[in-house]
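Those sequence lines, one after another, are chains V and R. Numbering follows the working numbering, in which position 50 of the first sequence is assigned residue number 72; successive positions increment by one, without gaps. Numbering follows the working numbering, in which position 23 of the second sequence is assigned residue number 42; successive positions increment by one, without gaps. What follows is a set of notes on a single structure, which appears directly below.
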Amino acid sequence: MSTATTAADTLTLVIVYNGLERPVQANTHQTIQALLEHAMNAFGVHQNRHLMALWTDSGVELQLNQSIQDAGLVEGSRLLLRPSAVRGG
Amino acid sequence: MSTLIPPGRLEERVNLPHERLAETFEIMQHCGAGRRECQVLWIGPWHSPDLITEVIHPRHHADGHGFSLDGGWLNTFWIDLASRHVGIRVQVHSHPQSAFHSPTDDEFPIIRTEGFLSLVIPRFALGPVSLEGAYLAEVQFDGSWSEVDAGKRVAII
């Protein structure tokens, strides 16, 4: 079985952060962790990156070790980039 | 989708209508009741990022020492912001006594990109409707927080 990337393996996802939307290119075999890194880079999130996560429109947090394919993402899927927790004190 | 990084620059001033400041104090006084901290979010349109147009009161849990936002509410809010092309410019919360940025405030903000502002209001916002005694912090280029002059960075209009 070939593991080479083909055009069919690539897709564009839409990341939402603070009211802005950015397209991010991804490969279906990439992990959600890799996608999360791309998403944070696109929005200039440089600190406390371990506190950030990707969520579906329906409020499901994506697991970092999953592949994009296994997470069920398809061309044009919209994902929310936000902190896992927001606190103050 | 024309720019790579969200609008929001270091040393950019935001314009806040006095009515929105009064609304902020009213929400914090009512929600906190002089016993609990409270948070609101100042938002505005991305086509005019220096203008605050709305005060949002997040669903949250709070006591006298801190607060935590509801995760389900955050997802819905995130979608709402995008659908209306608006964004959070300043997070605002109250403290029991003096205003400062605590380690929790540093660690768990709602936004952590350059130019984002975090305002802390003293005495559970029970004092006069003003920025006197308030503490304002800004996210720097490297993601760290620095205190900035609230009087210079938030213009009450």
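Cβ coordinates follow ideal geometry from the N, Cα and C atoms, glycine included. Bear in mind the structure is a predicted one, so any value in this text is a computation, not a measurement.
| Query | Result |
| --- | --- |
| Any idea if R:S21 is buried or exposed, counting beta-carbon neighbours within 10 angstroms, 16 or more meaning buried? | Unreliable positioning characterises R:S21 in this predicted model, as indicated by a pLDDT of 38, which lies under 50. A coordinate reading is not provided. |
| For V:M74, write down the residues that DSSP places opposite it in a beta bridge. | V:P105 |
| If I'm right that V:L58 touches V:L86 with Cβ under 8 angstroms, what's the distance once you round it to whole angstroms? | 7 angstroms |
| What's the gap between the Cα of V:H60 and the Cα of V:V46? | 7 angstroms |
| If you run the structure through DSSP and keep just helix, strand and coil, what is R:I46? | helix |
| Go to R:R103, then tell me how far its alpha helix (DSSP H) extends in each direction, as first and last residue. | 90-103 |
| Any beta-carbon of chain R closer than 8 angstroms to the one on V:L58? | no |
| Inspect the CB distances between the region 45-61 of chain R and the region 74-93 of chain V and report whether three or more fall short of 8 angstroms. | no |
| Taking all protein chains shown into account, decide if R:F86 is buried (16 or more other Cβ within 10 angstroms of its Cβ) or exposed. | buried |
| Mind checking which residues open and close the alpha helix (DSSP H) that includes R:G170? | 169-172 |
| With 8 angstroms as the C-beta to C-beta threshold (strictly closer), list the residues of the region 34-46 of chain V near chain R in chain order. | V38, Y39, N40, G41, L42, E43, R44, P45 |
| Name the one or two DSSP bridge partners that V:E59 has. | Answer by DSSP bridge pairing: none, since V:E59 is not bridged. |
| Tell me which residues of the region 116-134 of chain R have at least one Cβ-Cβ distance to chain V shorter than 8 angstroms, keeping chain order. | S121, T123, D124, E126, F127, P128, I129, I130, R131, T132, E133 |
| As an exercise, report each continuous beta strand (DSSP E) stretch of at least 3 residues that is fully enclosed by the region 116-156 of chain R, in chain order. | 136-140 |
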